[in-house]
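Protein chains: 2
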Amino acid sequence: MAENGSPGGETLLFLTDEQLRRGIEAMFFAYRAFTADPDRLLEEYGYGRAHHRALHFINRQSGLTVTTLLAVLGVTKQSLNRVLRTLIEDGLVESRVGRRDKRERQLYLTDAGAVLERSLSEAQRGRMRSAYRTAGPQAVAGFRQVLEAMMGPDLQRLYQQMKDE
Amino acid sequence: MAENGSPGGETLLFLTDEQLRRGIEAMFFAYRAFTADPDRLLEEYGYGRAHHRALHFINRQSGLTVTTLLAVLGVTKQSLNRVLRTLIEDGLVESRVGRRDKRERQLYLTDAGAVLERSLSEAQRGRMRSAYRTAGPQAVAGFRQVLEAMMGPDLQRLYQQMKDE
DNA sequence: TTGGATAGTCAACAAGACTGACTTAAAGTC
DNA sequence: GACTTTAAGTCAGTCTTGTTGACTATCCAA
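Protein chains in written order, with the UniProt record's numbering: chain A, 1 to 165; chain B, 1 to 165.
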């Protein structure tokens, strides 16, 4: 019922349902805060979270194809297309015909797109930076370990691939 | 560019944008996995994530009022009401007029509601448990520390209150 | 007892996810 | 060269979940 003592360790095998539930609730509340800052900014531009995600990954991996982005975001192409179309119309994203395979479309941020991506990213990094500083480097390492274990093999592969490219 | 060495610590003040971005992406992918298991179950019942959240917190704090639940979930009461109505109609949640204040409605899970909550929770705890086991107790402590720092004061207060009641 | 604040409900709308069916263009294969 | 597959995009329709605005019921205090 009450929190188990010995905060550091030794309690590995005593994973009570209560401890797990606390973890679940922490994820819920933290994710809400995590998205809150960019959400405020996005609203000013009339965009949503979906636009942010697209901008983020196009920035991260410039020139990626629509299919790749689809896999990373885990949504249907109809859903992505709605978002992508407005970003292209508004001049934040550019879609170029693939060099090798002309069926593909490669996605790039325009200068304006890079500006918005940067301010969204900065809002989100601000909170992350402050959380990291508060919790300390050892906690940060643990944070990343648990998240990586939580994503499961498929998403973990995506996540790791992103590091290299 | 590359991941800094010395996995344990010492890198506190070297919070590069790249490191922060990795954290952001880890949150994104992990949260997706985090919700995937209960989502599959919910679909069988014709419910969504909002129903899960309501069931979770009603179970956690039996007899809480609609207003309290509203604050915890961070949505508008109209949005919550739609979800709550279907849960009540389907006999998973009971809404009783408040004893002291008759304007209030106190919310309780029925037996059927408790059964569904339990299976949703079990699905979610399964992934959490496995991530905790993989990462180890020290990582778990860090995970919780970073999440708590990330939620900010308001949500952290809600989160902490929930522990006691 | 009247009038304002609070708790909750009903109605209508928008964003963003989904499925399904289809087109176009390019690439690959027999 | 004809056929199939693949990448991208489109149109239509649905669902969940968020929103605002207008409303009712209850409580409390002047």
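Glycine residues also receive a C-beta, built at the ideal position from the N, C-alpha and C atoms.
Residue i, DSSP secondary structure in three states
| i | result |
| --- | --- |
| P7(B) | For P7(B), the pLDDT reaches just 43, beneath the cut-off of 50, and the residue's location in the model is therefore unreliable, although a value from the coordinates is still provided. Residue state, collapsed to three classes: coil. |
| T76(B) | coil |
| M1(A) | With a pLDDT of 40 at M1(A), under the threshold of 50, the modelled position of this residue cannot be trusted; read the value that follows with caution. Correct three-state label for M1(A): coil. |
| R100(A) | coil |
| L15(A) | coil |
| Y47(B) | coil |
| M150(B) | helix |
| G136(A) | coil |
| L20(B) | helix |
| D37(A) | helix |
| L158(B) | helix |
Cβ-Cβ distance between residue i and residue j below 8 Å
| i | j | result |
| --- | --- | --- |
| L92(A) | L116(A) | yes |
| H51(A) | V83(A) | yes |
| L80(A) | L87(A) | no |
| R60(B) | M162(B) | yes |
| L42(A) | R49(A) | yes |
| R139(B) | V146(A) | Reading off the sequence shown, one finds Ala at residue 139(B), where the question assumed Arg. Yes, the Cβ-Cβ distance between A139(B) and V146(A) is below 8 Å. |
| I58(A) | Q124(B) | no |
| F29(A) | Y108(B) | no |
| E31(A) | Y47(B) | Strictly speaking, residue 31(A) in this sequence is Tyr, with Glu absent from that position. Cβ atoms of Y31(A) and Y47(B): not closer than 8 Å. |
| F14(A) | M27(B) | no |
| A114(B) | G142(A) | no |
Residues bridged to residue i (per DSSP)
| i | result |
| --- | --- |
| L107(B) | S95(B) |
| T65(A) | Q106(A) |
Contacts of residue i in chain B (Cβ-Cβ under 7 Å)
| i | result |
| --- | --- |
| I58(A) | Those do not exist, as I58(A) stays about 14 Å from chain B at its closest Cβ, beyond 7 Å. |
| Q145(A) | A135, A139 |
| A30(A) | L147, M150, M151 |
| Q63(A) | Note on identity: in this sequence residue 63(A) is Gly, with Gln being the wrong assignment. By Cβ distance, chain B contributes nothing, its closest Cβ being about 18 Å from G63(A), past 7 Å. |
| L155(A) | F29, R32, A33 |
Cross-chain neighbours of residue i in chain A, by beta carbon under 9 Å
| i | result |
| --- | --- |
| G113(B) | Per Cβ cutoff of 9 Å: no residues; G113(B) is ~17 Å from chain A at best. |
| I24(B) | F34, H56, S121, Q124, R125, M128 |
| L80(B) | The premise fails here: L80(B) is roughly 15 Å from chain A at the closest Cβ pair, so nothing lies under 9 Å. |
Proximal chain A residues relative to residue i, where beta-carbon distance stays under 7 Å
| i | result |
| --- | --- |
| Y108(B) | What Y108(B) touches in chain A: nothing, since even the nearest Cβ is about 19 Å away. |
| A131(B) | V146, A149, M150 |
| D17(B) | R125 |
| G91(B) | What G91(B) touches in chain A: nothing, since even the nearest Cβ is about 24 Å away. |
Within chain A, the residues that residue i reaches when beta carbons sit closer than 8 Å
| i | result |
| --- | --- |
| Y47(B) | Correct list: empty, because the minimum Cβ distance to chain A is about 17 Å. |
| L158(B) | F29 |
| L116(B) | Neighbours of L116(B) on chain A: none; closest Cβ ~16 Å, over 8 Å. |
| L70(B) | Correct list: empty, because the minimum Cβ distance to chain A is about 14 Å. |
Under 8 Å from the C-beta of residue i: neighbouring residues of chain B
| i | result |
| --- | --- |
| G74(A) | R32 |
| G98(A) | Result: empty, since nearest Cβ-Cβ is about 25 Å, beyond 8 Å. |
Per-residue contacts from residue i into chain B (C-beta, under 9 Å)
| i | result |
| --- | --- |
| L42(A) | Those do not exist, as L42(A) stays about 15 Å from chain B at its closest Cβ, beyond 9 Å. |
| L87(A) | Near L87(A) there are no residues of chain B at all, since even the closest Cβ is about 18 Å away, more than 9 Å. |
Distance cut-off 7 Å: residue i Cβ against heavy atoms of the ligand ADP
| i | result |
| --- | --- |
| R40(A) | The ligand content of the structure shown is nil, which means the ligand ADP is not present either. |
| task | Spell out a yes or no on whether the stretch 148-155 of chain A and the stretch 130-139 of chain A are touching, meaning 3 or more CB-CB pairs, one atom from each, closer than 8 Å. | result | no
Self-check item: Three-pair Cβ contact test at 8 Å for the stretch 91-111 of chain B versus the stretch 54-72 of chain B
Solution: yes
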